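Novice: If you scroll down you'll find the structure; I have some questions about it.
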Amino acid sequence: MALCTTPSRPLPLHTITAAGISPICGHYGRIPFNGNSLYGKAQSRVSKRRAALSSLDLPICKLSYKKISKGYATNARRTVRADATLGAAEPDPLSRHLSQLVDACWRFLRPHTIRGTVLGSIALVSKALIENYQFINWWLLPKALCGLVALICGNGYIVGINQIYDIGIDKVNKPFLPIAAGDLSVPEAWFLVLLFAALGVAIVVINFGPFITALYCLGLFLGTIYSVPPFRMKRFPVAAFLIIATVRGFLLNFGVYYATRAALGLKFQWSPPVVFITIFVTLFALVIAITKDLPDVEGDRKFQISTLATNLGVRNIAFLGSGLLLANYIGAVLAAVYMPQIFQCILMVSGHALLALLLGFQTWILDQSNYTK
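Numbering (this note's numbering), first residue to last: 237 to 609.
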């Protein structure tokens, strides 16, 4: 049987064919049916089924596989991103606890008292350096920073021990404080105040000698008897504001100026500007001591704490404090006018006159609000 040598031809695409080898000659032969007809019938059936499905109004039937796959991938990516964002938004429990502890410790320090301590210290140190600029030694900068840390530690000890013994009062008057709010336990507070006291004393002993150490310890002692039973001098209005004025006024300013001159190798010597600063800040501290209990009248009365505000009334003490502060500003203006060779007259007169006007305006607002602000 001979093989057919007729070359094969490509079949048209529009025709469905079947090729076979003839048992006689092996030539390709076409199966006798029309492919176009079969294809057309199949196409017609598919079209009818599509029309039937479309009449059901099923949106998902109109989606192609590609669209479904693309949508699934997009949603999957969004899910992964959302999970990653959610994981990033939830901090680690340890870091969250540390953050809350740092915030509680910062509130425990009473930041507004730190600002006064830091600003007063910087002013006095700057004045001493300006008066004796030829003795400036930049190697003393670390010592100055240590002194600032010691002052902040002393401040932290005094305000901290007061919070420890005023928990009940603070729950009424200052519920935002960390111990009263439950953000800091009493053992933790004791650890902090003892740490502040030990660190502050150690810094002063190492860097500033026995006299400044004695002044520093005197300040801690006065801060202790102000709050701690059986002394608790805060119960007695006159003793309370004298202690505050002494610690935050005289001791702070005199001690910082003395320590600065000693570090420069100079003996202590009063100068008119330093006398003015010391008197001004001491009177300012006296005003703070008199008026600081104005927001605390409710709790002080509940716990039978005698203050000027509970004894004389909120309005009277507010006017007394405003009057003393106004006298302080007027004294500063007069000092500049009568000693222009020592003070910057224009700056001091304009600055303190503006502060006096603001004081009067704030006092008027407080009176108009019936002392509720």
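From the three backbone atoms N, C-alpha and C, an ideal C-beta is built for every residue, glycine too.
Keep in mind it's a predicted model, so treat the numbers as computed, not measured.
Is it right to say Val399 is buried, meaning 16 or more other beta carbons lie within 10 angstroms of its own, or is it exposed?
Specialist: If you number the sequence shown from 1, residue 399 lands on position 163. What sits at residue 399 in the sequence shown is Gln, not Val. When all chains shown are included, Gln399 counts as buried.
Novice: Checking 7 Å against the spacing of the C-beta atoms, do Phe432 and Tyr393 come in under that value?
Specialist: Indexing the sequence shown from 1 puts residue 432 at position 196. Indexing the sequence shown from 1 puts residue 393 at position 157. Pairing Phe432 with Tyr393 gives a Cβ-Cβ distance under 7 Å.
Novice: What number of angstroms, rounded off, separates the C-alpha of His588 from the C-alpha of Val361?
Specialist: For the purposes of this step, residue 588 is taken as residue 352 along the sequence shown, with counting starting at 1. For the purposes of this step, residue 361 is taken as residue 125 along the sequence shown, with counting starting at 1. Across the structure, His588 and Val361 are spaced so that their CA atoms are roughly 22 Å apart.
Novice: Using 10 angstroms around the beta-carbon of Lys470, count the other beta-carbons present and answer buried if the total reaches 16, otherwise exposed.
Specialist: For this step, residue 470 is matched to residue 234 along the sequence shown. Buried, since its Cβ has 16 or more Cβ neighbours within 10 Å.
Novice: Compare the Cα-Cα distances from His348 to each of Phe597, Phe427, Val437 and Lys528 and report the closest residue.
Specialist: Numbered from its first residue, the sequence shown carries residue 348 at position 112. When each option's Cα is compared against that of His348, the closest is Lys528.
Novice: Within the same chain, show all residues whose beta-carbon is closer than 7 Å to that of Lys538, passing over the 5 residues directly before and after it, in chain order.
Specialist: In the sequence shown, counting from the first residue as 1, residue 538 sits at position 302. Here the set comprises Val408.
Novice: Check Trp426 in the structure and name its three-state DSSP category.
Specialist: By one-based count along the sequence shown, residue 426 stands at place 190. Note: Trp426 maps to helix in three-state DSSP.
Novice: Give me the residue from Ile350, Ile415, Arg468 and Gly383 with the minimum Cα distance to Leu436.
Specialist: Within the sequence shown, residue 436 is the residue found at index 200, counting from 1. Before going on, a small fix: residue 436 reads as Gly here, not Leu. For the residues Ile350, Ile415, Arg468 and Gly383, the minimum Cα distance to Gly436 belongs to Gly383.
Novice: Apart from the five residues just before and just after Ala475, which ones in its own chain have a Cβ nearer than 7 Å to its Cβ?
Specialist: In the sequence shown, counting from the first residue as 1, residue 475 sits at position 239. Cβ neighbours of Ala475 beyond the five flanking positions: Met469.
Novice: So, Val429 versus Ile397, is the Cβ gap smaller than 7 Å?
Specialist: The residue you call residue 429 lines up with position 193 of the sequence shown. The residue you call residue 397 lines up with position 161 of the sequence shown. Closer than 7 Å, so yes.
Novice: Quick one: any contact between the stretch 553-561 and the stretch 589-607, if contact means 3 or more CB pairs under 8 Å?
Specialist: Under the 8 Å Cβ criterion, the stretch 553-561 counts as touching the stretch 589-607, having at least three qualifying pairs.
Novice: What residue from Gly549, Ile578, Leu456 and Leu519 has the CA that sits closest to Pro508's CA?
Specialist: Residue mapping note: residue 508 aligns to position 272 of the sequence shown, counting from 1. The option with the nearest alpha carbon to Pro508 is Ile578.
Novice: Mapping the DSSP letters down to three states, classify Ala320 as helix, strand or coil.
Specialist: Residue mapping note: residue 320 aligns to position 84 of the sequence shown, counting from 1. Residue placement at Ala320 is flagged as unreliable, the pLDDT there being 48, under the threshold of 50; the coordinate-derived value follows with that caveat. Looking at Ala320 - three-state DSSP - the assignment turns out to be helix.
Novice: Where does Arg484 land, buried or exposed, given buried means 16+ other C-beta within 10 angstroms?
Specialist: To locate residue 484, count along the sequence shown from 1; it is residue 248. Answer is buried; the Cβ neighbour count reaches 16.
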